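Single-structure report; data block below.
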Amino acid sequence: MRLSGPPVFVTRLAAESWRILFVTSECTPFAQTGGLGDVSSALPIALRARGLEPSVVMPLYRSVDRSTLEPTHKTFVVPVGAARVMGRVWRTTLRGGVPVFLVEQDGYFDRDGVYGPDNEAYPDNLERFVFLSRASLEVARLFDLRPHVVHANDWPTALLPVLLQHDASSPLAGTPSVLTIHNVGYQGVFPLSSAQVTGLGAEQFHPGSLEHYGRINLLKGGVYAATKLTTVSARYAQEIQQGAFGCGLDGVIRSRGADLTGILNGIDTETWNPRTDALLPARYDLDDPSGKLVCKADVQRAAGLPVRPDVPLFGMVTRLNWQKGVDVLAQALRRVLDLEAQVVLLGTGDHEAEAFFRAASEQRRDKFHAWIGFDQGLAHRIEAGADFFVMPSRYEPCGLNQMYSLRYGTLPLVRATGGLDDTVDNYDEATGAGTGFKLHDLNAGSLYDLIGWAVSTWYDRPLHLRAMRARAMRRDFSWDQAALRYEEVYAQAMGRTGTEDDPLGDDDELRALRTGT
Numbered sequence: 007m008r009l010s011g012p013p014v015f016v017t018r019l020a021a022e023s024w025r026i027l028f029v030t031s032e033c034t035p036f037a038q039t040g041g042l043g044d045v046s047s048a049l050p051i052a053l054r055a056r057g058l059e060p061s062v063v064m065p066l067y068r069s070v071d072r073s074t075l076e077p078t079h080k081t082f083v084v085p086v087g088a089a090r091v092m093g094r095v096w097r098t099t100l101r102g103g104v105p106v107f108l109v110e111q112d113g114y115f116d117r118d119g120v121y122g123p124d125n126e127a128y129p130d131n132l133e134r135f136v137f138l139s140r141a142s143l144e145v146a147r148l149f150d151l152r153p154h155v156v157h158a159n160d161w162p163t164a165l166l167p168v169l170l171q172h173d174a175s176s177p178l179a180g181t182p183s184v185l186t187i188h189n190v191g192y193q194g195v196f197p198l199s200s201a202q203v204t205g206l207g208a209e210q211f212h213p214g215s216l217e218h219y220g221r222i223n224l225l226k227g228g229v230y231a232a233t234k235l236t237t238v239s240a241r242y243a244q245e246i247q248q249g250a251f252g253c254g255l256d257g258v259i260r261s262r263g264a265d266l267t268g269i270l271n272g273i274d275t276e277t278w279n280p281r282t283d284a285l286l287p288a289r290y291d292l293d294d295p296s297g298k299l300v301c302k303a304d305v306q307r308a309a310g311l312p313v314r315p316d317v318p319l320f321g322m323v324t325r326l327n328w329q330k331g332v333d334v335l336a337q338a339l340r341r342v343l344d345l346e347a348q349v350v351l352l353g354t355g356d357h358e359a360e361a362f363f364r365a366a367s368e369q370r371r372d373k374f375h376a377w378i379g380f381d382q383g384l385a386h387r388i389e390a391g392a393d394f395f396v397m398p399s400r401y402e403p404c405g406l407n408q409m410y411s412l413r414y415g416t417l418p419l420v421r422a423t424g425g426l427d428d429t430v431d432n433y434d435e436a437t438g439a440g441t442g443f444k445l446h447d448l449n450a451g452s453l454y455d456l457i458g459w460a461v462s463t464w465y466d467r468p469l470h471l472r473a474m475r476a477r478a479m480r481r482d483f484s485w486d487q488a489a490l491r492y493e494e495v496y497a498q499a500m501g502r503t504g505t506e507d508d509p510l511g512d513d514d515e516l517r518a519l520r521t522g523t
C-alpha cells in the first residue's frame, strides 16, 4: 500500500528515540469494548520493538484490577468547565516494557462500562473525556515524558489536537499530533450549550473546528486540528471521504485528504497463533493441520450439534448490531439452515437480536447454536474450529476477526468493504485462487448466495479449499509493517525530512517502504 500524498523522506533523530504519547479510552487487557483496545496495546508494543518510546495513557475504570498496578502517589488538577478536578496516576507496563499510565478519577470512571451501561452513553461523557484529554497532558508533565508526537484515538481523545493547537496554556502546546479514526460512525456529539466544559474559547466553536450543525463534534474538531490523520485500512481511508461512509464528516475529511493515511491494523500474532494457543483443545499449524478437526469437534459438542467432520461449520463472533449486518443474517438464517451446513454464533448487543438468535437456537438445535455474551476462550475455539467465518458488515474500518480467521485456516465470508476488502482475496473457481469469499451488495439473498457458494465449494472443490486454507495461513498480519508506517506518519508530523544528498536517510526499512523495494 502506498501512503497518500507526495513522498516525504525520513531520517531518524540522531541522539534519541522518538517519544510518543499514546492516549486512548481503552487498552487491552485493562479495558476493551472493540478493536481500539487491541490496537492500543499491540501498536505501542510494536513501536517499542522498533526502538521508539511510546507511553500509553488511559482511564482507570472500575473493572481494572488495581492489584496489578503500581500507585505513583502523584496527583494533578485540571479544569473541566468551571470545576477544578483532581486525579491520581497509577502505573503498569505492557509486554516489552511499554509504560501505561492510568488516570484515576472515581467520579468519572468508577462505574460499569467504558462509555455507558447497556449500550447507552453516560450523560456526562463530555466531561469524562475532556478530563482524560487534559489529564494525559498532565501525566506527560508529571513524568517528564516530553513526547515528540501526541497520538490521539477516536472521539474520546479527539480534543487533544485542538488543545495542542489552540490552547497555549496547555502542557505540550504546539506539539505535533496524530489522530487515528478507528470508526467515523462515533463522533462525540454534544449540545453546544456544553461548550464551556472544554475550557476553549468561543472562537473554536465554528464550522471550521468543533461546531457541526449547531452541536459540538469532538471528532470534527480533531480532524481539523491534528497535524496528521490515519485510519485503520487503505480502503476505509477512501470510503470515509465519500458520503455513504463519512457519516456527515466526509467533506471535512476530504479537506484533509493530503494528510490522511490508511494503515491496516495488525494482530497480536503471539496471542492469535494456532500453533501455541493454550485456549484450544488441540494446537495445529500449516505443516500439521490435524488439530483443527479436534477443534471443530470441540465446538460442535459445546454447541450441542452433531459432531460431523464432513459437514461445513460456519462461525461468527461479533457485536450484535446494525453495523455488523446481523439483521441480514437473521433474515437469511432460515434458508441458510436448509443447506447441509452448521452455524454457531457468539455475540452480545442489541436486545432484539439477542432474543432472535436465542429463539433460533431453540428452534434449530440440529444446525444452529448461539451463545449470547462474550467469552474470549470460546472466541478462540470458534476461530479454530470453524471451517468458514461470516462477517457481513455494512462497513468495517479494519476488522480483526477476518485476520484471526485467516491465521487459523478458517476462510472468511465478507462484504467487500474497508479492511475486509483489503485483507481477503476473493475465491476464483477457475483457478482456486483466493483466501475467502466476498459479496458487494448486502441483503438476505446475496448473503444466502455467498454462504451457498462456500457450501458448494466445500462439497464440490475440496482441493481448492485446501489450497485456500494453506494460502490463508501463510499471510502475515503482524504489527511490524503497521508500526513501520506509523513511524513514517510520526516523521511527517514532526516535519522530519532527509537532505538532498541523502533524501532517504539511513533507515533501510523506511527506504524500502518509500521505494517499494
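The opening residue of the sequence shown carries number 7 in the working numbering; numbering runs sequentially from there.
Note that beta-carbon positions come from the ideal geometry of N, C-alpha and C, so glycine has one too.
Quick caveat: nothing in here was measured; it's all calculated off a predicted structure.
How would you call residue i, buried or exposed, if buried means at least 16 neighbouring beta carbons within 10 angstroms?
| i | result |
| --- | --- |
| Asp44 | buried |
| Arg397 | The residue you asked about is not Arg; residue 397 is Met in the sequence shown. It is buried - the Cβ of Met397 has at least 16 other Cβ atoms within 10 Å. |
| Glu346 | exposed |
| Gly456 | For clarity, residue 456 is Leu in the given sequence; the question names Gly instead. Under this definition Leu456 is a buried residue. |
| Thr181 | buried |
| Val83 | exposed |
| Ile26 | buried |
| Met92 | exposed |
| Pro162 | buried |
| Ser31 | buried |
| Gln171 | buried |
| Glu110 | buried |
| Thr437 | exposed |
| Gln210 | buried |
| Tyr492 | buried |
| Gly102 | exposed |
From which residue to which residue does the alpha helix (DSSP H) around residue i run?
| i | result |
| --- | --- |
| Ser61 | Note, Ser61: premise wrong, no alpha helix (DSSP H); beta strand (DSSP E) at 59–65. |
| Ala450 | 450–466 |
| Ser261 | 256–261 |
| Leu319 | Per DSSP, Leu319 belongs to no alpha helix (DSSP H); it is in the beta strand (DSSP E), 319–326. |
| Gly43 | 41–55 |
| Pro213 | Neither: Pro213 is in no alpha helix (DSSP H) and is coded neither H nor E. |
I'd like to check one pair, residue j with residue i: are the Cβ atoms closer than 8 Å?
| i | j | result |
| --- | --- | --- |
| Gly440 | Met409 | no |
| Gly405 | Leu426 | yes |
| Arg341 | Tyr454 | yes |
| Val238 | Asn271 | yes |
| Ile246 | Gly254 | no |
| Pro105 | Arg117 | no |
| Gly227 | Val168 | yes |
| Val195 | Val63 | no |
| Gly379 | Leu319 | no |
| Leu352 | Ile388 | yes |
| Gln337 | Ala450 | yes |
Which residues in the same chain have their Cβ closer than 7 Å to the Cβ of residue i, if we skip the five residues on either side of it in sequence?
| i | result |
| --- | --- |
| Ser69 | Ala37 |
| Ala309 | Val350, His375 |
| Asp428 | Ser239, Ala240, Arg241, Leu270 |
| Arg262 | Val229, Leu235 |
| Ala179 | Leu170, Asp173 |
| Arg90 | Val83 |
Which residues in the same chain have their Cβ closer than 6 Å to the Cβ of residue i, if we skip the five residues on either side of it in sequence?
| i | result |
| --- | --- |
| Arg134 | Tyr114 |
| Gly355 | Arg325, Leu326, Asn327 |
| Pro197 | none |
| Leu53 | Pro60, Ala489 |
| Leu132 | Phe196, Ser200, Val203 |
| Ser23 | Gly57, Leu58, Glu59 |
Between which two residues does the beta strand (DSSP E) carrying residue i extend?
| i | result |
| --- | --- |
| Glu110 | 105–110 |
| Leu419 | 417–421 |
| Lys80 | 76–86 |
| Gly268 | 266–268 |
My guess is that residue i and residue j are in contact by the Cβ rule of under 8 Å, so how many angstroms apart are they, rounded?
| i | j | result |
| --- | --- | --- |
| Ala288 | Val300 | 4 Å |
| Leu185 | Ala208 | The pair is not a contact, with the Cβ atoms about 23 Å apart (cut-off 8 Å). |
So, for residue i: in the same chain, excluding its five sequence neighbours on each side, which residues have a beta-carbon less than 8 Å away from its beta-carbon?
| i | result |
| --- | --- |
| Pro123 | Arg117 |
| Arg152 | Arg25, Ala146 |
Return yes when at least one heavy atom of the ligand MG lies under 7 Å from the C-beta of residue i, else no.
| i | result |
| --- | --- |
| Gly379 | Annotation note on the ligand MG: not contained in the displayed structure, which lists no ligands. |
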